[in-house]
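A.B. asks: Residue numbers (the working numbering), protein chains in the order written: chain A, 13 to 466; chain B, 13 to 466.
Cβ coordinates follow ideal geometry from the N, Cα and C atoms, glycine included.
Handing you a structure now.
Protein chains: 2
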Amino acid sequence: MKKLVLLLAATFASPALAQYNDADIERLREVALQTDTTAMTITEALTVMGPRMAGTESEAHARRWAVNTLTDIGFSNVREETYQMPTWVRGAESAHIVDPFPQEMVITALGRSAATSEDGITAEIVAFDSVAALRAAPVGSLAGRIAYVSHNMQRAQDGSGYGHAGPTRWNAPSLAAERGAVAIVIRSVGTDWHRNPHTGGTNWAEGVERIPAGALSNPDADNLERMTRLGPVTMRLVLTPRWLGDQESGNVIAELPGRDPEAGMILIACHIDSWDLSPGAFDDAAGCGIITGAANLIRRSGVQPLRTIRLFWAGAEEVGIYGALDYFEQHGTERHALAAESDFGADRIWRVEFNIPEAANADAGRLMRLLEPLGIPRGTQTATGGADTSPLVRNGVSAIDLQQDGTRYFDLHHTPDDTFDKIDPEQVRQNVAVWVTMLAVMANSEFLDAENSR
Amino acid sequence: MKKLVLLLAATFASPALAQYNDADIERLREVALQTDTTAMTITEALTVMGPRMAGTESEAHARRWAVNTLTDIGFSNVREETYQMPTWVRGAESAHIVDPFPQEMVITALGRSAATSEDGITAEIVAFDSVAALRAAPVGSLAGRIAYVSHNMQRAQDGSGYGHAGPTRWNAPSLAAERGAVAIVIRSVGTDWHRNPHTGGTNWAEGVERIPAGALSNPDADNLERMTRLGPVTMRLVLTPRWLGDQESGNVIAELPGRDPEAGMILIACHIDSWDLSPGAFDDAAGCGIITGAANLIRRSGVQPLRTIRLFWAGAEEVGIYGALDYFEQHGTERHALAAESDFGADRIWRVEFNIPEAANADAGRLMRLLEPLGIPRGTQTATGGADTSPLVRNGVSAIDLQQDGTRYFDLHHTPDDTFDKIDPEQVRQNVAVWVTMLAVMANSEFLDAENSR
C-alpha cells in the first residue's frame with residue numbers, strides 16, 4: 013500500500029500546480045479500489061472495542077482512540093469537542109409467554125422506553141397488524157393490556173422500507189400509551205429472519221405518560237402472531253432501563269487544511285457511537301473508516317486542495333443527534349461549502365444525488381463522468397445529507413449523497429448482529445474510491461459556494 | 013388437498029390387490045410434491061409450542077399433543093412410552109470481557125456443563141486454535157485460566173464439517189479440565205455468522221472434574237480472537253445450569269398395520285424434543301412432519317402395505333438418545349425389517365444410501381428409478397441410520413438414509429435461530445415425496461428381511 017501511494021504521489025502534477033487533472037483522479041480512484049486498507053483498519057479497530065453507546069465510557073474510549081489515530085495518520089487540528097446529554101441505558105429484558113404455549117421470546121427495549129418493575133408486567137396481548145389499526149383503537153380501549161404492533165416492511169435497495177415501517181417504532185409506543193396500554197411490544201423494524209431484535213429510539217408525544225416499550229425479534233413476532241390467531245395470549249414483560257441523567261459525550265474533528273482559508277470547507281461526516289447491542293460495524297464504524305480512508309488518500313497524494321476537508325466523527329447520533337446539534341451550535345456559522353455523510357452501512361455506492369448551486373453543475377458532471385467506470389448513475393432526487401449533517405443542510409449548506417446499497421442494511425440495523433464479519437472489504441474499497449473521487453473534484457471546485465453556502 | 017387424495021385413492025388398483033404398481037407410486041410422489049400439507053402443519057404446530065427440552069413440561073406437552081394428533085389423523089396403536097432420565101437445565105449465562113475492551117459477548121452453556129457461582133469466574137483467557145493445540149498443552153498448564161478453543165468448520169452439503177469441528181464441543185471441555193482450566197469457552201460449532209451461539213452436549217471423560225463450558229457466537233469468537241492477538245484478555249464468565257435429577261421423558265409410537273403381522277416392520281423415526289434455545293424447526297419438528305406426512309399418504313391411498321409402518325417420534329434425543337435407548341430396550345427384539353430417520357433439517361433430499369440384504373437389491377433399484385425424475389442419485393456410502401435408529405442399525409437392522417441437503421443445517425443447528433420461518437415448504441414437500449416413494453416400495457418388499465433383520 014505504502015509503495016503504491018508513494019508511486020501515486022510521484023506521478024502527480026507538482027503540488028505547486030495544486031489541482032488534479034482527470035487522470036490524477038482516475039489514479040486516486042484506482043488506488044482506492046485496489047489497495048485501500050485504512051477504511052478496513054479503522055472499521056476493525058472500532059468494532060473490536062465492542063459497543064460504543066453514547067454517554068458511556070465505551071464511547072469516550074473510542075473518542076480518545078479516534079483523536080490519537082487521526083493525529084497519527086497525519087490530519088491537522090484534531091480535537092475532541094464534548095457536551096452533556098441525557099443518557100438512557102438498558103437494564104434487564106425478557107418476554108415470557110405465560111399462556112397458551114410457555115416460552116421465552118427474544119426482546120429488547122426501545123431507546124427512551126419506560127421501565128417495568130423487576131418482576132415485570134403480566135397482561136393479555138392485544139394485537140394490531142399496523143400502526144393505522146392501533147390508531148383506530150379508541151382512547152382507553154387498551155387499559156390493562158400490552159399492545160402488540162406488527163408491520164410488513166419490505167427489503168429495498170434505497171432503504172425506503174424503513175420509512176414505511178419506522179412509525180411502528182417511532183410512534184406506536186406513544187399511541188399505545190395514549191390508548192391506555194400498560195406496555196407495548198412491536199415487531200422489530202427490520203428485514204432479517206434471525207433471533208436478533210432491532211432496538212432504536214422511540215418518540216414520545218408531549219405529555220404522554222411513557223410506558224415500557226420493546227421490540228421482538230422477527231421469528232418471535234411470527235410465533236406471537238400465530239398464537240394470537242389461535243386465542244388469547246398472556247405475556248410477562250420485564251424491561252428495566254434507566255436514565256443516568258446528563259453525561260458527557262463528544263465529537264471528534266480533524267482537518268486537511270485547504271490552500272484558501274476563505275473558501276468554504278467540505279465537511280465529511282460519520283458517527284462514532286453505536287447502539288449498545290453490537291459493535292456497530294455497519295452503523296457506523298464503516299462510515300468513519302470510509303470517509304477517513306478517502307481523506308487520507310487526498311492527504312497522501314501530496315496535492316493540497318483549494319478547500320479545507322474537515323472530518324466530523326459525530327458523537328451520540330443514535331440517541332438523538334446530540335453531537336450534530338452541538339456541532340451546529342459551535343460551528344454552524346463557519347463557512348461550509350458542502351456536506352456529505354457516510355452512515356448507511358458498508359455496501360457499494362450505487363447512486364449519487366446532489367443539492368449544489370447551479371454554478372457548480374460542471375463539477376457534478378465531471379464527478380459523474382469520473383464515476384462512470386464504476387457503473388454509478390446520478391439519481392433523480394435532491395441530496396438531503398444524513399442525520400449528522402442535517403442541521404447544516406437544512407440551513408442551506410450544499411450536499412452530495414453518495415448512496416449506499418441498502419438491500420441488507422435493515423437486516424443488521426440496531427441489532428446485536430451488526431458485527432465486523434458482515435463487512436465486505438471489496439465493497440468498502442469501492443466506497444473509498446467513490447469518496448476520494450468526490451473529494452478530489454469538489455474540494456477543488458471554484459464554484460461550489462457561489463450561492464447557498466454559509 | 014382432500015379432494016386430490018380422494019381422487020388418488022379412486023384411481024388405484026383395488027385394495028384387494030394390495031400392491032402398488034409404478035404408476036401408483038409415481039402418483040403418490042406427485043401428490044406429495046404438489047399438495048402435501050400434513051408435514052408443514054405438524055412442523056408449524058410443534059414450533060408454535062416453543063422449545064421442547066427433554067425431561068421438561070414442554071416436551072410432555074408436545075408428547076400429549078402428538079398422541080392426540082396422530083390418533084386424529086387415523087394411525088393405529090398410538091401411545092406414549094415414558095421413561096426416567098437425568099435432566100440438566102440452563103441457568104443464567106453471560107460472558108463479559110473485563111479487559112482490554114469491556115463488552116458483553118453472547119454465550120450459551122453446553123449441555124452437561126458444570127456451573128460457576130452466581131458471581132461467575134474471572135480469569136485470563138488462554139486461546140487455542142484447535143483441539144489438537146489444546147491437547148498438546150501439558151496437564152496443569154491451564155491452572156487458574158479459562159481455555160478458549162477455536163476451529164475452522166467448513167460448510168458442506170453432507171454435513172461433514174460437523175465431524176471435523178464437533179470435537180471442539182464434544183472433547184475440548186474434558187481436555188481443558190484435565191489440564192487444569194477453571195472453565196472453557198469455545199467457538200460455536202456452526203457455520204453461521206450471527207450473534208446466536210450453538211449449544212449441544214459435551215462429553216466428560218470418566219473421572220474428570222467437570223468445569224463450566226460455554227459456546228460463544230461466531231462473531232463474538234472472532235472478536236475474542238482479535239483481542240487475544242493483541243495481548244492478554246480477561247473474561248468474567250457466568251454459567252449457572254443445574255441438574256434436576258431424574259425426570260420423565262417419553263417416546264410416541266403410532267402404526268399403520270401391514271397385511272402380514274409376521275413380516276418385519278418399517279420403522280420411521282424423528283425426535284420430538286429440541287434444545288431449549290429454540291422451537292427446533294429444523295431439529296427436528298420438520299423430521300416429524302415429513303415422516304408423518306409420507307405415512308399419511310400411504311394410509312390415505314387405501315392400499316394396505318405388506319409390512320407394518322411404525323412411526324417413532326423419539327423423546328430426549330438431544331440430551332443423550334434416552335428415547336432411542338428405551339425404545340431398543342422395549343422393542344429391540346421385535347422384527348424390524350428396515351429403519352429410516354429424518355433428522356437433518358428440512359431441505360431437499362439429494363442422495364440415497366442403503367444397507368439392505370442383497371435379496372432386496374431389486375427394490376433398491378426400483379426406488380432409485382422412481383426417484384430419478386427428482387434428480388436424486390444413489391450414494392456410494394453405506395446407510396447408518398440416524399441417532400434414534402442407531403441402536404437398531406448397530407444390531408443388524410437394515411437401513412435407508414434419505415440424505416437431506418445439509419448446506420445450511422449447521423447455520424441453525426442448536427441455536428436460538430432454528431425457527432419456523434427457516435422452513436421452505438417446497439423442499440419439505442420434496443422430502444415427503446421421497447419418503448412416500450420409499451415407503452411404497454419398501455413396505456411391500458418381499459425380500460427385505462431375508463438376511464439381516466431381527
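1. How many whole angstroms separate the CB atoms of Gly270 (chain B) and Arg319 (chain B), which I take to be in contact at a CB cut-off of 8 Å?
2. Taking the straight line between their C-alpha atoms, what separation do you get for Pro114 (chain B) and Thr246 (chain B)?
3. Under 9 Å between beta-carbons, which chain B residues line up against Gly62 (chain A)? List them in chain order, please.
4. Can you tell me whether Asn407 (chain A) is buried or exposed? The criterion is at least 16 other CB atoms within 10 Å of its CB, across all chains shown.
5. If contact means a Cβ-Cβ distance below 9 Å, which residues of the segment 238-256 of chain A contact chain B?
6. Around the C-beta of Thr211 (chain B), are 16 or more other C-beta atoms found within 10 angstroms, so that it is buried, or is it exposed?
7. Could you check what DSSP says for Asn263 (chain B) in three-state terms: helix, strand or coil?
8. Against chain A, does Asn407 (chain B) count as a neighbour if the rule is that its beta carbon must be under 7 Å from one of theirs?
9. Around the C-beta of Trp255 (chain A), are 16 or more other C-beta atoms found within 10 angstroms, so that it is buried, or is it exposed?
10. Starting from Asp429 (chain A), find everything on chain B with Cβ-Cβ shorter than 7 Å and list it in chain order.
11. Taking C-beta pairs closer than 9 Å, name the residues in chain A that Phe432 (chain B) reaches, listed in chain order.
12. Between Gly9 (chain B) and Ala371 (chain B), which are expected to be in contact by the criterion C-beta below 8 Å, what is the C-beta distance as a whole number of angstroms?
13. What separation, rounded to the nearest whole angstrom, lies between the Cα atoms of Val194 (chain B) and Ala328 (chain B)?
14. In three-state terms, what does DSSP make of Glu370 (chain B)?
15. What residue range does the beta strand (DSSP E) around Trp325 (chain A) cover?
16. What residue from B:Leu122, B:Val440, B:Phe459, B:Arg420 has the CA that sits closest to Tyr374 (chain B)'s CA?
17. Pull up the CB-CB distance for Leu337 (chain B) and Thr427 (chain B), whole angstroms please, since I reckon it's below 8 Å.
18. Taking DSSP's pairing of strands, which residues face Ala135 (chain B) in a bridge?
19. What whole-angstrom Cβ distance do Ile37 (chain A) and Gly301 (chain A) have, given they're in contact under 8 Å?
20. Against chain A, with Cβ distances strictly below 7 Å, would Ala22 (chain B) count as a contact?
21. How far does the beta strand (DSSP E) with Gly332 (chain B) in it extend, from its first residue to its last?
22. Looking at the secondary structure, which residues open and close the beta strand (DSSP E) in which Trp77 (chain A) lies?
23. Return the chain-ordered ranges of every beta strand (DSSP E) run that is complete within the segment 143-200 of chain A and spans a minimum of 3 residues.
24. If you measure between the beta carbons of Val444 (chain B) and Ala306 (chain B), is that distance less than 7 Å?
25. Specify the secondary structure class of Arg254 (chain A) as computed by DSSP and reduced to three states.
26. Are the beta-carbon atoms of Leu323 (chain B) and Ile280 (chain B) separated by less than 7 Å?
27. Under 9 Å Cβ-Cβ, which residues of chain A neighbour Ser70 (chain B)?
28. For Cys282 (chain B), which residues does DSSP report across the bridge?
29. Once the 5 residues before and after Asn456 (chain A) are set aside, which same chain residues still bring their CB inside 7 Å of it?
30. Out of B:Asn263, B:Gly173, B:Ser186, which has the shortest C-alpha to C-alpha gap to Arg420 (chain B)?
31. Among the candidates B:Arg378, B:Leu404, B:Leu146, whose CA atom is the shortest distance from the CA of Val197 (chain B)?
32. Three-state secondary structure (DSSP) at Phe422 (chain B)?
33. Is there a Cβ of chain D sitting closer than 7 Å to that of Leu404 (chain B), yes or no?
34. What span of residues does the beta strand (DSSP E) with Met97 (chain A) cover, start to end?
35. Under 7 Å between the Cβ atoms of Ile2 (chain B) and Ala293 (chain B)?
36. So, does the segment 223-235 of chain B touch the segment 216-235 of chain A, judging by three or more C-beta pairs under 8 Å?
C.D. replies: On the basis of the supplied data:
1. Yes, Gly270 (chain B) and Arg319 (chain B) are in contact; Cβ-Cβ is about 4 Å, under 8 Å.
2. When rounded, the distance between both Cα atoms is 9 Å.
3. Neighbours of Gly62 (chain A) on chain B, chain order: Ile109, Phe113, Pro114, Gln115, Glu116, Met117, Asn235.
4. So Asn407 (chain A) ends up on the exposed side.
5. Within the segment 238-256 of chain A, the residues whose Cβ lies closer than 9 Å to some Cβ of chain B are Arg238, Met239, Leu242, listed in chain order.
6. The residue in question, Thr211 (chain B), is buried, as its Cβ has 16 or more Cβ neighbours within 10 Å.
7. DSSP, read as helix, strand or coil, puts Asn263 (chain B) in strand.
8. Chain A contact via Cβ: absent.
9. When all chains shown are included, Trp255 (chain A) counts as exposed.
10. Those within 7 Å of Asp429 (chain A) in chain B are His206, Arg207.
11. Going along chain A in sequence order, the residues near Phe432 (chain B) (Cβ under 9 Å) are Pro231, Asp234, Asn235, Arg238.
12. Residue 9 (chain B) is absent from the model: chain B starts at 13 and stops at 466.
13. Rounded to the nearest angstrom, the two C-alpha atoms are 29 Å apart.
14. Of the three classes helix, strand and coil, the one that applies to Glu370 (chain B) here is helix, per DSSP.
15. Boundaries of the beta strand (DSSP E) harbouring Trp325 (chain A): 321-326, taken from the DSSP string.
16. Inspection of the sequence shows that residue 374 (chain B) is occupied by Ala rather than by Tyr. Taking only the C-alpha atoms, the option nearest Ala374 (chain B) is B:Phe459.
17. The Cβ separation is near 26 Å, so there is no contact.
18. Ala135 (chain B) pairs with B:Met247.
19. In this structure Ile37 (chain A) does not touch Gly301 (chain A) by the C-beta definition: roughly 21 Å separates them, more than the 8 Å allowed.
20. Legend: pLDDT at Ala22 (chain B) = 46, less than 50; position of this residue unreliable, value from coordinates given subsequently. No, because no Cβ of chain A sits closer than 7 Å to the Cβ of Ala22 (chain B).
21. In this chain, Gly332 (chain B) is not harboured by any beta strand (DSSP E), its DSSP state being neither H nor E.
22. Here Trp77 (chain A) belongs to no beta strand (DSSP E); instead the alpha helix (DSSP H) covers 69-85.
23. The beta strand (DSSP E) runs of length 3 or more contained entirely in the segment 143-200 of chain A are, from start to end of the chain, 158-161, 195-199.
24. Taking 7 Å as the cut-off, the beta carbon of Val444 (chain B) is found closer than this to the beta carbon of Ala306 (chain B).
25. The answer is strand: DSSP assigns Arg254 (chain A) an E or B state.
26. In terms of Cβ geometry, Leu323 (chain B) and Ile280 (chain B) form a close pair [threshold 7 Å].
27. In chain order: Phe113, Pro114, Gln115.
28. Cys282 (chain B) is bridged to B:Trp325.
29. Cβ neighbours of Asn456 (chain A) within its own chain (closer than 7 Å, five residues either side excluded): Gln31, Tyr32, Pro317, Leu318.
30. The option with the nearest alpha carbon to Arg420 (chain B) is B:Gly173.
31. It is B:Leu146.
32. Correct three-state label for Phe422 (chain B): helix.
33. Included in the structure are the protein chains A and B, with no chain D among them.
34. 88-101 is the span of the beta strand (DSSP E), which, as asked, contains Met97 (chain A).
35. Not covered by the structure: residue 2 (chain B). The range shown for chain B is 13 to 466.
36. Result no; under three Cβ-Cβ pairs closer than 8 Å.
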